[in-house]
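Colleague: If you read the protein sequences in the order shown, they are chains U and L. Numbering that gives the first Met the number 0 puts the first residue of the first sequence at 0, with every later residue one more than the last. Numbering that gives the first Met the number 0 puts the first residue of the second sequence at 0, with every later residue one more than the last.
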Amino acid sequence: MISELFTVTVLIGILASGIRLATPYLYASIGETFGQRSGVLNLGVEGQMLLGAFAAFYVALTTGSLWLGILAAMIVGALMGLIMAFVTVNLHAQQGISGIGFYLFGLGLSDLLFQKLMGTVETVKGFPPIKIPWFSSIPGVGEIFFSQNILVYGAYLLVPLAWFVLNKTTLGLKIRSVGENPDAADSLGVSVARIRYFTIILGGTLSGIAGASLSIALLNVFQQNMTSGLGFIAVALVYFGAWRPWGVLGGALLFSMVNSLQLWIQVLGIPIPSEIAVMMPYVLTILVLVITVSRVRAPSALTKPFERED
Amino acid sequence: MAESRSIKQRTPLRIRVEPRLSEPPAWFPAVVSFSAILVALILGGILISFAGGDPIRSYIHIAKASFGDIGVISDTIVKATPIILAALACSVAFRMKLWNIGAEGQFIMGAFGASAIVLAPVLPAETPPWIFIPVMMLAGMAAGALWGFIPGYLKAKFNVNEIISTLMLNYVAVAWVNFWIFGVWTEGGFQMSPKFPVAANLPRLTDFAKIFPIFRGLTTHLGLVIGIVAAIILWFIIFRSRWGYEIRLIGDNPQAARYAGINITKNVIWVMMLSGALAGLGGMSEVTGVVHRLQTAPLAAGYGFTGIIVAWLAKLNPLVIIVASVLFGALILAGREIQPSGVPKMIQGIILVCLIASDFLLRYRIVIERGEE
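1. Name the one or two DSSP bridge partners that L:P123 has.
2. According to DSSP, is U:P132 part of a helix, a strand, or is it coil?
3. Taking beta-carbon pairs under 8 Å, can you tell me which members of the region 194 to 208 of chain U lie near chain L?
4. Using a Cβ-Cβ cutoff of less than 6 Å, which residues in the same chain neighbour L:M0 once the five nearest sequence positions on both sides are dropped?
5. Do we get a CB-CB distance below 8 Å when we pair U:A300 with the residues of chain L?
6. L:A110 and L:G303: beta carbons closer than 8 Å?
7. Using 10 angstroms around the beta-carbon of L:Q294, count the other beta-carbons present and answer buried if the total reaches 16, otherwise exposed.
8. Which residues in chain L have a C-beta closer than 8 Å to the C-beta of U:V266? List them in chain order.
9. At which residues does the beta strand (DSSP E) containing L:R436 begin and terminate?
10. For U:Q114 and L:V286, I'd like the C-alpha separation in whole angstroms.
11. Identify whether L:R364 lies in helix, strand or coil by the three-state DSSP scheme.
12. Run down chain L in chain order and give the residues with a C-beta less than 9 Å from the C-beta of U:Q147.
13. Going by C-alpha distance, which of U:I264, U:V266 and U:M279 is nearest U:F254?
14. With distance defined between alpha-carbon atoms, name the residue in U:V189, U:I143 and U:V237 nearest to U:T284.
15. If you follow the alpha helix (DSSP H) that U:S109 is part of, which residue opens it and which one closes it?
16. For my contact list, U:L103 and L:V342 are in at a C-beta cut-off of 8 Å; report their separation, rounded to the angstrom.
17. Please list the terminal residues of the continuous alpha helix (DSSP H) segment that includes U:S259.
18. Just to confirm the assignment: which complete beta strand (DSSP E) runs, minimum length 3, are found wholly within the region 69 to 123 of chain L?
19. Any idea what DSSP makes of U:N148, helix, strand or coil?
20. Out of curiosity, what's the CA-to-CA distance linking L:S3 and L:V16?
21. Do U:S146 and U:P128 have their C-beta atoms closer together than 8 Å?
22. Is U:A27 a contact residue of the ligand PLP, with contact defined as CB to any heavy atom under 7 Å?
23. For U:L170, which residues of its own chain have a beta-carbon under 7 Å away from its beta-carbon, when the five flanking residues on both sides are left out?
24. What does the alpha-carbon distance come out to for the pair L:Y258 and L:N252?
25. Contact criterion: CB-CB distance below 8 Å. Does U:A251 meet it with respect to chain L?
26. If I follow the unbroken alpha helix (DSSP H) through L:Q254, where does it start and stop?
27. Am I right that U:V292 and L:V159 are in contact with their C-beta atoms under 8 Å? What's the rounded C-beta distance?
28. Using only the alpha-carbon positions, how far apart do U:F53 and L:T126 sit?
29. Answer with yes or no whether the minimum CB distance from L:A50 to chain U is below 8 Å.
30. From what residue to what residue does the alpha helix (DSSP H) around U:V310 run?
31. Any residues in the region 107 to 123 of chain U with a beta carbon nearer than 8 Å to a beta carbon of chain L? Which ones, in chain order?
32. Give the straight-line distance between the Cα atoms of U:G98 and L:I355, rounded to the nearest whole angstrom.
33. What are the residues of the region 21 to 35 of chain L that lie near chain U, defined by any Cβ-Cβ distance shorter than 9 Å?
34. Listed in chain order, which residues of the region 159 to 191 of chain U have Cβ atoms closer than 7 Å to some Cβ of chain L?
35. Please check if any C-beta of chain U sits within less than 8 Å of the C-beta of L:E372.
36. With DSSP run on the structure shown, which of helix, strand or coil describes L:E2?
Below, the structure is given as structure tokens:
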């Protein structure tokens with residue numbers, strides 16, 4: 000039975016769906032990376048994703064336009080980000096706890112709207128796969144990397160883009176300085192509040208897209224609590240990836256490959272308890288934190304509200 | 000003179016925020032929390048009406064469905080019981096500024112530990128209740144404490160962020176219990192264990208209906224007593240013992256605690272274990288008092304997260320937690336029948352955000368004044 004896993008078709012299937020399943024993690028974790036690099040822990044990603052997933056699905060279902068769905072998810076995510084920014088930046092809220100509030104809010108409101116506006120589980124025709132000419136015809140590789148839908152490609156393009164913005168632009172420098180030493184940044188004329196508003200709203204927008212990628216690109220349905228912890232893993236991935244976009248990519252791929260492997264194990268009916276496979280990524284995250292924590296340092300001002308000293 | 004007044008009239012009102020230098024009066028935090036809940040209910044009401052519901056009817060329904068008669072009051076208390084213990088768990092960790100988000104997982108592990116006594120089986124089904132119940136309590140606390148020990152140890156020794164590790168362990172706990180009930184302890188292939196023997200169930204009021212007919216049908220169980228006793232003991236630990244003093248000092252001023260020679264590393268581990276044990280006791284109470292079998296869905300129902308809200312609302316005071324838990328028990332109970340579903344979770348979220356935001360008023364004064372140029 001185990002040997003069935005190692006046929007070429009199955010391996011390609013596992014890798015292809017692994018690449019695809021990393022999409023929501025990537026959007027959410029890259030957004031979270033920006034927030035944390037500026038010193039803000041957004042633990043409400045799960046709630047933002049759920050609302051984004053619902054908004055995208057509902058708008059796509061009623062208007063027939065997937066792109067309007069994406070836009071709706073972005074707006075909803077940004078709005079959640081705006082409220083969160085006000086609560087954390089202006090009101091100095093404890094970030095670990097208020098994030099749980101945003102999670103419960105998103106969980107409840109998306110459920111409420113689903114019941115009121117739809118009532119039953121429906122499906123949409125999500126983004127179709129786009130075969131990239133020439134590349135997609137390479138055996139194996141083509142199917143794994145070059146026959147995905149647009150949101151999947153977008154997620155992977157986001158990684159170098161985020162790396163570039165964070166490390167090679169003035170904006171990135173400001174974000175990092177606000178996260179490391181807000182007092183110094185402030186004295187140099189950088190508005191800590193404005194930068195943090197920007198990163199939290201950006202994070203919310205990307206979380207919204209992450210939710211949309213589930214509901215109108217990967218699964219093409221909306222259900223209550225459909226993210227089931229994806230958003231929390233996305234937060235953990237930022238720690239996993241040591242606050243670097245490429246590290247986040249590695250973590251996202253690891254998680255999605257394990258998910259994909261576990262799905263295939265179930266599909267093939269291989270008698271390995273799937274719960275053990277389910278546990279692995281979480282245990283692995285903790286282990287990676289233990290190993291890396293002595294070598295990488297979190298942004299110094301992470302979770303610390305900034306108060307200007309007069 | 001006349002001129003200066005007209006200038007003052009023309010300059011706009013300015014709102015300035017300044018840190019409080021002295022403690023606000025004792026009634027002030029209660030008023031702020033009460034107002035925060037009121038604001039949350041209004042915001043929730045606006046959202047309900049946007050979604051096409053009737054907020055007033057929803058709220059009246061919640062009140063009726065949870066306090067309308069003795070039967071539903073008893074049901075409310077049943078829902079409040081696990082919240083009390085979960086909130087106590089959160090409160091003791093938060094007191095030391097340890098952000099234990101993992102009461103949910105510790106709760107589930109507590110239920111698992113208690114169930115293992117019946118299902119393994121450690122004790123035979125004929126064991127009398129007065130042996131069964133204490134042993135299951137200990138097992139639940141031990142399993143919860145273990146689930147608190149892991150993030151505590153990792154925090155103390157390796158400085159691993161406890162928010163992330165406790166969150167991850169929540170999922171591991173659910174998968175762990177699923178592993179046992181899907182396979183080893185399954186009831187005929189269903190995703191649940193067989194029912195526990197009656198001796199392993201916490202006694203309920205209705206069990207005494209022969210002696211007190213008024214108790215007929217009331218499901219309030221011994222877990223309530225366990226919760227209240229735990230709250231009282233915890234109050235004494237926090238406010239009247241040397242250990243509690245250390246915990247409070249570390250939370251308020253870790254630097255001073257270090258100078259005073261308090262071992263912070265050791266306290267992080269012990270407090271996380273105590274926190275886990277309390278949540279585990281909550282899981283034990285729920286599985287033996289209500290569910291009567293090991294099953295994931297009714298146990299992983301978010302009590303650990305509600306505990307966070309209640310702990311915060313009660314300002315981490317163990318005795319206030321009892322009262323606050325009843326309010327949230329009501330919200331969750333009524334939520335089962337309220338249409339559309341999702342309202343209770345949403346309201347809980349709004350309440351938590353409003354509560355945390357309102358803490359701002361305790362630390363800062365808002366001064367409104369005529370601007371002076």
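For each residue, glycine too, the CB sits at the ideal point set by N, CA and C. Note that the structure is predicted; figures quoted are calculated from it, not measured.
Modeller: In short:
1. BP columns for L:P123 are empty, so no partner.
2. Shown here, U:P132 sits in coil according to DSSP, grouped into three states, outside any helix or strand.
3. none
4. With a pLDDT of only 43 at L:M0, under 50, the local geometry of the prediction cannot be trusted, and no value is derived from it.
5. no
6. no
7. buried
8. Ordered by position in chain L, no residue passes the 8 Å Cβ test against U:V266, which lies about 17 Å from the chain.
9. Coverage of chain L is limited to positions 0 through 372, which leaves residue 436 of chain L absent and any answer about it impossible.
10. 30 Å
11. strand
12. The contact set of U:Q147 on chain L, defined by CB atoms closer than 9 Å, is empty, because the minimum CB distance reaches about 27 Å.
13. U:M279
14. For U:T284, the closest alpha carbon among the candidates U:V189, U:I143 and U:V237 is that of U:V237.
15. Q94 to L112
16. The pair is not a contact, with the Cβ atoms about 12 Å apart (cut-off 8 Å).
17. P244 to L267
18. none
19. In the structure shown, U:N148 falls within a strand segment according to DSSP collapsed to helix, strand and coil.
20. Note that L:S3 has pLDDT 49, beneath the 50 cutoff, so the model's placement of it is unreliable and the number below is only indicative. Near 26 Å, if we compare the C-alpha coordinates of L:V16 and L:S3.
21. yes
22. Among the ligands in the structure shown, none appear at all, so the ligand PLP cannot be discussed.
23. V164
24. The alpha-carbon atoms of L:Y258 and L:N252 are separated by roughly 10 Å.
25. Using a Cβ-Cβ cut-off of 8 Å, U:A251 does not count as an interface residue toward chain L, since no Cβ of chain L sits closer than that to its own.
26. P253 to Y258
27. Between L:V159 and U:V292 the Cβ distance is about 6 Å, and since that is below 8 Å, they are a contact.
28. Those two C-alpha atoms are separated by around 51 Å.
29. yes
30. With chain U running from 0 to 309 in the structure shown, residue 310 of chain U is simply not present.
31. G107, L108, S109, D110, L111, L112, F113, Q114, K115 and L116
32. 10 Å
33. none
34. The residues in question: there are none.
35. Confidence at L:E372 is low in this model, with a pLDDT of 46, below 50, so its placement is unreliable and the value that follows should be read with caution. Proximity of L:E372 to chain U, defined by a Cβ-Cβ separation below 8 Å, is not satisfied.
36. With a pLDDT of 48 at L:E2, under the threshold of 50, the modelled position of this residue cannot be trusted; read the value that follows with caution. For L:E2, the secondary structure class from DSSP, reduced to helix, strand or coil, is helix.
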